[in-house]
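Note sheet for the following structure.
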Amino acid sequence: MLQILNPSGELLDDPPMDVDLARRLFRAMVTARQYDRKAASIQKQGRLATYAPFEGQEAAQIGSAAALRQDDWMVATYRDAAAMWMHGCPWTHLLLTRMGDERGGSPPEGVPVLPPSITVGAHMLHAVGLAWAARLQGSDRAAVTYFGDGATSEGDFHEAMNFAGVYRTPTIFVCQNNQYAISLSRRRQTASATIAGKADAYGVPGVLVDGNDLFAMYRATGEALSRAREGQGATLIEALTYRLGPHTTGDDPSRYRDEEEVEEWRAKDPLERVRRYLATEGAWDEGWETAIAEAAHEEVDEAVEEAEALPPLAPVGIFEAMFAEMTPELAQQQRWLLDSRHGPA
Amino acid sequence: MAELTYRDAVARGIAQEMERDPSVVLIGEDVAKAGGVFKTTAGLLERFGPERVRDTPISEEAITGMIMGAAMNGLRPIGELMFSDFLATCWDIVANQIAKTRYMTDGQVSLPLVIRTANGGGARFGGQHSQSLENWAMAVPGLKVVAPSTPADVVGLLAGAIRDPDPVVFFEHKALFAGKGEVPDGEIVDALGTARVLREAPDITIVALAAMVPKALEAAAELAEHGIGAEVIDLRSLVPLDTATLFASVSKTSRLATVEENPRLAGWGAEIASIVTEEMFWDLDGPIVRVTTPHIPLPAADELEDLAIPSVERIVDTVRRTMA
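Read top to bottom, the protein sequences are chains A and B. The working numbering applies: residue -4 is where the first sequence begins, and numbers increase by one. The working numbering applies: residue 8 is where the second sequence begins, and numbers increase by one.
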């Protein structure tokens, strides 16, 4: 397993980034955690629909997303807000997707981030298609896709990996193995020793990485991207991590796992080890962390305010968003729904 | 003007668009070297090369999922599903992903892609390789649904589908592949959502699609001998649906029969009947009648398959009974 920064914050290898970047990415993880907790909290107040927290997976998401080039595609899931934000998707958009507002699914201009996939697994295929198209167009853009350990049991994973292998598409598959697919443990998800090992079956390199290690994630993703840009095809990265919170705000994990296990993983917190490392380098103090945490708090609060202040979607949008040009049948149904609230008289 | 088979018209239509637009690509099982198991893509690999015409592993989800990704990244991809029955293996991608992308991105993400697939019975392929599934696609908001009946329409509607900014499921009928028809020279592009009146007559409107169109025409000729003037409309696409042509015809004939190959329950003819009933009830002189395959899988046995699929005789009988 690739590990550069151990849970105590000790370097086991040369760091893949300078202290400045490490500070920036630490700050990003702090901000992401702030967002995650805020989102879960306002969900309880009924201000968001079901929310899937990612606490514990910040390094897996921020470390990998930070290695991308701005024009690389990102195809992620409902639990990957940190990665999507790191790649340019505003918190406001991410909140909107959880408020049932389709405007959240519309990527801002110049941000190649697809809306979060709610369907488990299907989106991996789109990442293969995006990457294939990039290659045909002679570009060296890559596509990264995020999914969990549970998604590897879907047929989509097999078909996507197989195509990526055969077509040698510049696709980076990042599996955040967070140990649980809702209640089903990783052990019972697959009899494979590792998920990374599944890559062998497709002729694609598979790398097992400490997903709670920001440095290891950054390096593994960077190496995979270099290979992809050089025409050497896809890589599967298994980020070994842990979902510290519930599957979603509607889930009670105490029904299927012990608190002891959670505590063991909390000791491997992805933020703590970077904090310790930065402190060793003389690049961290409590005052700074308090300041960045406060700034994060404000940033997230502002996003919540902005999302909640948006005027509600006009009902006409549910018809207008169907096709580039509305079909006559839809135009008629729109009239029925919006003009008379009745069908034809 | 050249005489072409329906199958050759498919390759001609794809070639016309690949020639014109370098972003058009074709992938599918056996579409390149083999030229398609129904030989509908013969010659395309030689003409446009292995980057733009590619064989894929047997993976319908990957074919459809990948063209979806490619369509988001600037290509106009065509994915072939060897048999429309295989839509069932990738329905998640087609119905949950492709059909919903524009809507779930508030209209921002366009998917200009075409899923071409061999549809329909008559070839003794049995229950899992013979279905007419145009009504499945019609039932999913966000998909356009096209099913041509002639070689000229294959070229024109295929071009229209490829140029369309939204996803189109293009049903090619297996029983029509060997049939020939005149195809005009030069570029042909047809608008989706335009039905065609193939025979004008005053007494009843017969609406048909794909392989049912030639049968409806034959039935109309026979009905004329019985003194019944049957107007025949080829719908050509179910989404968008050309209700204007349909209404104009029914307001003249006051009677309507639909001829569908899909199984009876929730077949597209039921939708047509519902629309016409709601909009034109007071213009009708009698009940709308539907000629369909019964609600059964298609038998592989030749006599039984011929019995199940609507025949000229069944159309004639049904129309005569309703006119009696």
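Where is the CB? At the ideal position from N, CA and C, for every residue including glycine.
By the DSSP assignment, the alpha helix (DSSP H) with residue i in it spans what residues?
{"i": "P158 (chain B)", "result": "P158 to R170"}
{"i": "S256 (chain B)", "result": "T250 to T260"}
{"i": "S244 (chain B)", "result": "Careful: S244 (chain B) lies outside any alpha helix (DSSP H), inside the beta strand (DSSP E) at S244 to V246."}
{"i": "I287 (chain A)", "result": "E281 to A304"}
{"i": "D243 (chain A)", "result": "Reading off the sequence shown, one finds Thr at residue 243 (chain A), where the question assumed Asp. Taken as a continuous stretch (DSSP letters only), T243 (chain A) belongs to no alpha helix (DSSP H), as it is neither H nor E."}
{"i": "D62 (chain B)", "result": "That residue, D62 (chain B), is in no alpha helix (DSSP H); its beta strand (DSSP E) goes V60 to D62."}
{"i": "G95 (chain A)", "result": "Careful: G95 (chain A) lies outside any alpha helix (DSSP H) and carries neither H nor E."}
{"i": "F152 (chain A)", "result": "G150 to Y162"}
{"i": "A78 (chain B)", "result": "E67 to M79"}
{"i": "Y13 (chain B)", "result": "Y13 to R27"}
{"i": "I57 (chain A)", "result": "E53 to A61"}
{"i": "V123 (chain A)", "result": "H118 to L131"}
{"i": "N142 (chain B)", "result": "E141 to M145"}
Against residue i, what residues of chain A qualify as contacts under a CB-to-CB distance less than 9 Å, listed in chain order?
{"i": "V294 (chain B)", "result": "According to the sequence shown, residue 294 (chain B) is Pro rather than Val. Result: empty, since nearest Cβ-Cβ is about 19 Å, beyond 9 Å."}
{"i": "L82 (chain B)", "result": "G124, W127, A128, L131 and Q132"}
{"i": "I240 (chain B)", "result": "Per Cβ cutoff of 9 Å: no residues; I240 (chain B) is ~16 Å from chain A at best."}
{"i": "I122 (chain B)", "result": "Result: empty, since nearest Cβ-Cβ is about 13 Å, beyond 9 Å."}
{"i": "D92 (chain B)", "result": "Simply none; closest approach about 17 Å."}
Show which residues of chain B have a CB atom less than 7 Å away from the CB atom of residue i.
{"i": "A101 (chain A)", "result": "It should be pointed out that residue 101 (chain A) corresponds to Ser in this sequence rather than to Ala. Those within 7 Å of S101 (chain A) in chain B are T112, D113 and Q115."}
{"i": "D264 (chain A)", "result": "The premise fails here: D264 (chain A) is roughly 34 Å from chain B at the closest Cβ pair, so nothing lies under 7 Å."}
{"i": "A319 (chain A)", "result": "S117, P172 and D173"}
{"i": "P354 (chain A)", "result": "The structure shown does not extend to residue 354 (chain A), since chain A is modelled only from -4 through 340, so no value can be given for it."}
{"i": "R342 (chain A)", "result": "Any question about residue 342 (chain A) goes unanswered here, given that chain A covers just -4 to 340."}
{"i": "V161 (chain A)", "result": "P64"}
In chain A, which residues lie with their C-beta within 7 Å of the C-beta of residue i?
{"i": "S139 (chain B)", "result": "Simply none; closest approach about 21 Å."}
{"i": "M73 (chain B)", "result": "L120, V123, G124, W127 and F158"}
{"i": "G149 (chain B)", "result": "M317"}
Taking all protein chains shown into account, do 16 or more other C-beta atoms lie within 10 angstroms of the C-beta of residue i, making it buried, or fewer, making it exposed?
{"i": "S187 (chain A)", "result": "exposed"}
{"i": "H233 (chain B)", "result": "exposed"}
{"i": "D66 (chain A)", "result": "exposed"}
{"i": "I65 (chain B)", "result": "exposed"}
{"i": "W279 (chain A)", "result": "buried"}
{"i": "S30 (chain B)", "result": "buried"}
{"i": "M8 (chain B)", "result": "exposed"}
{"i": "F288 (chain B)", "result": "exposed"}
{"i": "A340 (chain A)", "result": "Low confidence applies here, because A340 (chain A) scores a pLDDT of 47, under 50, leaving its location unreliable; read the following figure in that light. The residue is exposed, with fewer than 16 neighbouring Cβ atoms inside 10 Å."}
{"i": "R250 (chain A)", "result": "exposed"}
{"i": "T285 (chain A)", "result": "exposed"}
{"i": "G20 (chain B)", "result": "buried"}
{"i": "I316 (chain B)", "result": "buried"}
{"i": "M(-4) (chain A)", "result": "exposed"}
{"i": "G35 (chain B)", "result": "buried"}
Please look up how many angstroms separate the CB atoms of residue i and residue j, rounded, as I've assumed it's under 8 Å.
{"i": "A215 (chain B)", "j": "D173 (chain B)", "result": "Incorrect: roughly 25 Å between the Cβ atoms, too far for contact."}
{"i": "T322 (chain A)", "j": "G200 (chain B)", "result": "7 Å"}
{"i": "K222 (chain B)", "j": "I322 (chain B)", "result": "6 Å"}
{"i": "T236 (chain A)", "j": "G51 (chain A)", "result": "6 Å"}
{"i": "V326 (chain B)", "j": "I235 (chain B)", "result": "7 Å"}
{"i": "K187 (chain B)", "j": "P247 (chain B)", "result": "About 29 Å; that fails the 8 Å criterion."}
{"i": "V169 (chain A)", "j": "A234 (chain A)", "result": "6 Å"}
{"i": "V70 (chain A)", "j": "T164 (chain A)", "result": "The Cβ separation is near 12 Å, so there is no contact."}
{"i": "L333 (chain A)", "j": "R98 (chain A)", "result": "Their Cβ separation, rounded to whole angstroms, is 19 Å, which puts L333 (chain A) and R98 (chain A) out of contact at 8 Å."}
{"i": "L205 (chain B)", "j": "V239 (chain B)", "result": "5 Å"}
{"i": "T124 (chain B)", "j": "L88 (chain B)", "result": "4 Å"}
{"i": "A298 (chain A)", "j": "P110 (chain A)", "result": "That belief does not hold up - the Cβ atoms of A298 (chain A) and P110 (chain A) are roughly 17 Å apart, past 8 Å."}
For residue i, which residues in chain E fall below 8 Å Cβ to Cβ?
{"i": "N103 (chain B)", "result": "No chain E appears in this structure, whose protein chains are A and B."}
Under the criterion of a Cβ to heavy atom distance below 7 Å, does residue i qualify as lining the ligand SAM?
{"i": "R206 (chain B)", "result": "With respect to the ligand SAM, the structure offers nothing, as it holds no ligand at all."}
Along chain B, in chain order, which residues have C-beta atoms closer than 9 Å to that of residue i?
{"i": "P323 (chain A)", "result": "G200, P247, L248, D249, T250 and A251"}
{"i": "A316 (chain A)", "result": "R109, Y110, M111, T112, D113, G114 and Q115"}
{"i": "A196 (chain A)", "result": "Per Cβ cutoff of 9 Å: no residues; A196 (chain A) is ~13 Å from chain B at best."}
Would you mind telling me which residues of chain B sit closer than 8 Å to residue i, beta carbon to beta carbon, in chain order?
{"i": "G150 (chain A)", "result": "E68"}
{"i": "G312 (chain A)", "result": "D113 and G114"}
{"i": "A344 (chain A)", "result": "In the structure displayed, chain A extends from -4 to 340; residue 344 (chain A) sits before or after that span and is not available."}
Kindly list, in the order they appear in chain A, the residues whose Cβ is closer than 8 Å to that of residue i.
{"i": "D197 (chain B)", "result": "Ordered by position in chain A, no residue passes the 8 Å Cβ test against D197 (chain B), which lies about 16 Å from the chain."}
Could you tell me the boundaries of the beta strand (DSSP E) in which residue i lies?
{"i": "G293 (chain B)", "result": "First-last for G293 (chain B): undefined, no H or E at that position."}
{"i": "N1 (chain A)", "result": "Run containing N1 (chain A): none; DSSP gives neither H nor E here."}
{"i": "T26 (chain A)", "result": "Looking at the DSSP string, T26 (chain A) is not in any beta strand (DSSP E); the run it does join, the alpha helix (DSSP H), is V14 to K39."}
{"i": "N55 (chain B)", "result": "According to the sequence displayed, residue 55 (chain B) carries Phe and not Asn. Run containing F55 (chain B): none in the beta strand (DSSP E); it sits in the alpha helix (DSSP H), L51 to F55."}
(message) Using a Cβ distance threshold of 8 Å, determine whether the region 93 to 101 of chain B contacts the region 49 to 56 of chain B, with at least three qualifying pairs required.
(response) no
(request) Kindly confirm or deny that the region 142 to 154 of chain A and the region 219 to 229 of chain A touch, where touching means at least three C-beta pairs closer than 8 Å. (result) no
(message) Between the region 11 to 22 of chain B and the region 39 to 47 of chain B, can you find at least three pairs of beta-carbon atoms closer than 8 Å?
(response) yes
(message) Contact between the region 78 to 88 of chain B and the region 122 to 130 of chain A is defined here as three or more beta-carbon pairs at a separation below 8 Å; is this criterion met?
(response) yes
(request) Would you check if the region 34 to 42 of chain A and the region 189 to 199 of chain A touch, i.e. whether three or more CB-CB distances between them fall below 8 Å? (result) no
(message) With three or more C-beta pairs closer than 8 Å as the rule, is the region 40 to 60 of chain A touching the region 18 to 30 of chain A?
(response) yes
(message) Three Cβ pairs or more, each shorter than 8 Å: is that satisfied between the region 311 to 322 of chain A and the region 125 to 134 of chain B?
(response) no
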